Amino acid sequence: MSVPKKRYAMTVDTRLCVGCKACVLSCKAENDVPDGFCRDWIVEDVRGEFPLLAAEIRSERCNHCSDAPCVKNCPTGASHVNEGGAVLVTHGKCSGCKACIAACPYDARFVNPKGYIDKCTFCLHRVQVGVLPACVTVCPTRTLAFGDLNDPESPVAMNLSSRRWKVNHPESGAQPNLYFLL
Amino acid sequence: MAQSRREFIKIGGVGAAAAVAGTGLASQWWGLDPDVVHDPGTDGEKIVPTFCELCFWKCGVLAHVKNGRVTKIVGNPEHPLSNGRLCPRGTGGTGLLYDPDRLKKPLLRRKGKRGDQTFEEVSWETALDFTAEKLLKIQKECGPEKVALFSHGFGGSFFKHLLFAYGSGNVTAPSYGQCRGPREVGFQLTFGSPVGSPETLDVANARVITLIGSHLGENMHNTQVQDFAAAIAKGATVIAVDPRFSTAAGKAKYWLPIKPGTDMALLLAWMHVIINEGLYDREYVETHATGFEELRKHVADKTPEWAFTETTIRPEVIVETARVIAGARPASLIHPGRHTTWYGDDAQRSRAVAILNALVGSWGRRGGIFVPSSMKVPATPVPAYAAKPKTAQDHPNGVAYPFADEVLSHGVCDATIPGRIGGDGCPIKAWIVYGTNLLQALPQRANVLEAIQKLDLLVAIDVLPAEIVGYADVVLPECTYLERWDDVAPVPWREPFLAIRQPVVPPLFDSKPGWWIAKQLANRMNLGQYFPWDDAGAMVEARLAAGGYDVAALKAKGVVRGKPVPTTTEDGLALSFATPSKKIELYSKQMEAAGLPPLPPYTRHEQPASGQFRLLFGRTPVHTFGRTTNNRFLSEVTNDNEVWLNAKIAKERGLANGERVVLVNQDGVRSTPAKLKATQRIRPDCVFVVHGYGHTSEGLKFAKNRGLDDSALVTKIAVDPVAGSTGMSVNFVSVERA
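Chains A and B supply the protein sequences, listed in that same order. Position in the first sequence (from 1) plus 2 gives the number in the working numbering. Position in the second sequence (from 1) plus 20 gives the number in the working numbering.
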């Protein structure tokens, strides 16, 4: 029996998120993201008319898709699938052509002034040493959870089996791994 | 936000190709190992625990230092206020530390008048000699009481110490008279104790959380927001009373968009329903409270139908929410709020909130208001002070507010203007201003500016050149919380703990720690015996050692946790109340004796005329008032404020979302322009802005002219007759195209 491969995912509990942007700023600090850029962001969706309103707040980032259009469209192989299905960009291979930016359904990528396409890495440099991504660690409302969907005991697997959830742009066929708990 | 990130992409699109050449392309091109993960390398070679000062909650942090630079700041998992997590500001400490606009050298105003912002850089020696000489002169000629200290933030403790030693008890903070004062007075009168800061609220275990104008999540006090989310995760019901669909309202089962100024009517109607339907905690009230019968009579005619005409909240909603509030008792928390200075009857409104909490038996109960515990630290062994701390009752402004127990900042301001005061008739001559931008913190700016021009001396001690610094005679640049020791603070909390603040990196520029500044001034005023250590670190170590603490362990971990003691009856706490009757005073004989209504009355407040809107102001999670709006790191995600106006009203006025508008208040004061947010999320009769923007100081190069300054529009106040605080939500504005 072979050990099943890991499948990293993140869940975002929209009930708990207050949109404080601690995730955004801790990511910037952790990953030394250059001024003017962010790898994650907050979307506040308010629907209805006064006084009948409903709000959903989402912390969004790269969806680390299982069938990632950015990887398929990368002409140099810089965008690739790494451990646990995390989608990464090898800086040295990236020519900055932006094909992946055009392909991404989530608008999750930007051009780092250092000369490569940049985006969320699921903080794989932390995950590999057994620490959660910076945004998950900082989140004061414990909105974010990270783990391996192939491990039924992982918080993400338990969240998806016990809660209603959705993904953004399911129609893209990209099979995103960022799940929003409702 | 998504659209701002798109802008980032545009900005970043240039110059990419040139940079590729420098990335060691030859070795990595078609690299053989695609699975190498890039490590940004922000983990420090040294990690120093300390506690945060980006707001005043005192969360424990771990600062990572690499090559002498702080690379990142994360939550300290050992610290009970952060639990390893941080609000956005906590991460942004580096933005303060490395702010290019920091005060770098002592400054002296040799010519021009206060506010010209024309200073000469001088040595510390010159600045300190100048300050001490002036203070000694005032002490000799007018008496030490004519010097006042305005202080905000934990680092102010050494200057309070200095002022008491010097002989003045005029120590004040706008956080009392302009923010939390009425709440503390209302709870003190009812339960015999204030709720303090951090508030002693067991939010995490509450089953129903009622928020009245308290927008948790926007008001981002880390532990409390953690607890709020924990309660929601456990299925707690949120009732949000707010004219605005706040973040918290977005989490609420019941959002009550109340007509501003009528909260008391809702509170009284809730009491009416809870008492009439017998839903209150009869045993708790009978055992622990006095004055129930008077309360019952007081609210007998405060029906939901009556409240509807005042509040615009439908009677059936008032009845249903009253039942929900009482149904979860005693784990039903009616939040006392934080910024509670609204309409001038704020202590009475806070009394009503306290009474409602008493009816559901929440004081001293799990999921209610807990009774905190703290660690013991021996006092600093220094000589007795020449002065006693003053209260608002013996304050030189001559107006006695019977229940205010701190000096009122606006009172000190009035007492600085000759002819405004009672008492001995001699105005205050000098202000020492520590870390509080009085020009944005105090209402009625014209008054504040008049007082400033009457002073003999204004000393500003700060990290950044806020507006008030521009009005100083002498500016003493303090280093940030990451570069200094501060005093030991045993914070009262759900469990006893002790945390220390210690330097992470040496002070930048020619800035100095607060202790050093205070000690240098003390030495020059023959008060050296009050500062017997070379630096605050030695003092902290001495205090900790005297208390039997393991100093090395505290330095290494930043925090020590004590053995929990009961904080609720469920843990074994025996309830006691420090009121004159030793009971919860629903009916307040203390207030009656002072000639004040012993039960909170409903007052109908003035409403805006047609075409005018009530000006409401609040918070954003990313900033602490105007204190952080110059912080580049934090401002990357929120760099100005917007005017929230009901979308339907905006359309009627022909105003489009995103266009520039100005606010003009009832006294003709015009704001600077800001963006309009035409939104469904606010009632048609009010506008809302985030406080702390619209800076004018030349030195705040980033924040200057961003957004609008709400405090400039607060020309009218409603002074609370009980607490002496200044209700500031009584200003009406019109919205005009910029």
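Glycine residues also receive a C-beta, built at the ideal position from the N, C-alpha and C atoms. Remember, it's a predicted structure, so these values are computed and weren't measured experimentally.
Taken in chain order, the unbroken stretches of beta strand (DSSP E) that lie wholly in the segment 484 to 517 of chain B and span 3 residues or more are 494 to 497. In the DSSP annotation of this structure, Asp434(B) is not part of any beta strand (DSSP E); the continuous alpha helix (DSSP H) holding it starts and ends at Ser429 to Asp434. One thing to note: Cys162(B) has its Cβ no nearer than 9 Å to the Cβ of Cys433(B). Ranked by how close their Cα comes to the Cα of His93(A), the residues Ala57(A), Pro77(A) and Lys116(A) have Lys116(A) in first place.
For the segment 629 to 643 of chain B, the set of residues with a beta-carbon nearer than 8 Å to any beta-carbon of chain A comprises Pro641 and Val642, in chain order.
The beta carbons of Pro194(B) and Thr587(B) sit about 30 Å from each other, so the pair does not count as a contact at 8 Å. In this structure, DSSP gives Val158(A) a helical state, which the three-state scheme calls helix. Sixteen is the threshold: when 16 or more other Cβ atoms of the shown chains lie within 10 Å of the Cβ of Ser745(B), as they do, the residue is buried.
Burial state of Gly115(B) is buried, judged by a 10 Å Cβ sphere holding 16 or more other Cβ atoms. Per DSSP, Val140(A) is one residue of the alpha helix (DSSP H) stretching across Ala136 to Val140. Gln177(A) is outside the set of residues whose beta carbon lies under 9 Å from a beta carbon in chain B.
In this structure, the CA atom of Phe76(B) is about 6 Å from the CA atom of Gly173(B). Of all residues in the segment 7 to 40 of chain A, only Asp15, Arg17, Leu18, Cys19, Val20, Gly21, Cys22, Lys23, Ala24, Cys25, Val26, Leu27, Ser28, Lys30, Ala31, Glu32, Asn33, Asp34, Val35, Pro36, Asp37, Gly38, Phe39 and Cys40 come within less than 9 Å of chain B when Cβ atoms are compared, listed by chain position. Linking Met559(B) to Ala538(B) through their CA atoms gives a straight-line distance of about 14 Å.
If you draw a straight line from the Cα of Ala667(B) to the Cα of Phe752(B), it is about 19 Å long.
The beta carbon of Lys279(B) sits no closer than 9 Å to any beta carbon of chain A.
Under the criterion of beta carbons closer than 8 Å, Leu151(A) and Val138(A) do not qualify as touching, at roughly 15 Å. Within the same chain, Pro69 and Glu98 come within 7 Å of Lys577(B) by CB-CB distance, once the 5 residues on both sides are set aside.
Residue pairing from DSSP leaves Lys279(B) without any beta-bridge partner. Put simply, of Arg134(B), Gln244(B) and Met284(B) the residue whose alpha carbon is nearest the alpha carbon of Thr623(B) is Met284(B). Asn543(B): member of the alpha helix (DSSP H) spanning Gly534 to Arg544, first to last residue. Residue environment for Lys449(B): buried (at least 16 other C-beta atoms within 10 angstroms of its C-beta). The straight-line gap separating the alpha-carbon atoms of Arg49(A) and Gly206(B) is approximately 38 Å. Spatial neighbours of Gly557(B) in its own chain (CB-CB distance under 6 Å, excluding positions within 5 residues in sequence) are listed in chain order as Trp505. The beta carbon of Glu612(B) sits closer than 8 Å to the beta carbons of Pro618 from its chain, once the five residues preceding and following it are set aside; these are given in chain order. Three or more pairs of CB atoms, one per stretch, sit closer than 8 Å, so the segment 178 to 188 of chain B contacts the segment 542 to 549 of chain B. Counted as a single uninterrupted DSSP element, the alpha helix (DSSP H) harbouring Val560(B) occupies residues Ala556 to Ala566. For His84(B), the enclosing beta strand (DSSP E) starts and ends at Gly80 to Lys86. In the structure shown, the three-state DSSP call for Tyr569(B) is coil. The segment 328 to 377 of chain B is shown to contain whole alpha helix (DSSP H) runs of 4 or more residues at 335 to 347, in chain order.
Cβ-Cβ separation between Val427(B) and Lys408(B): approximately 12 Å, too far for a contact (criterion under 8 Å).
Within the segment 145 to 204 of chain B, the complete beta strand (DSSP E) segments at least 3 residues long are 167 to 171, listed from N- to C-terminus. Residue-level contact by beta carbon fails for Arg122(B) and chain A, as no gap is shorter than 9 Å. Taking 9 Å as the CB threshold, Glu656(B) lines the interface with chain A.
Proximity to Ser163(A) across Lys8(A), Thr13(A) and Val45(A) peaks at Thr13(A), based on C-alpha coordinates. For Ala253(B), the C-beta contacts it makes with chain A under 7 Å involve Leu18, in order along the chain.
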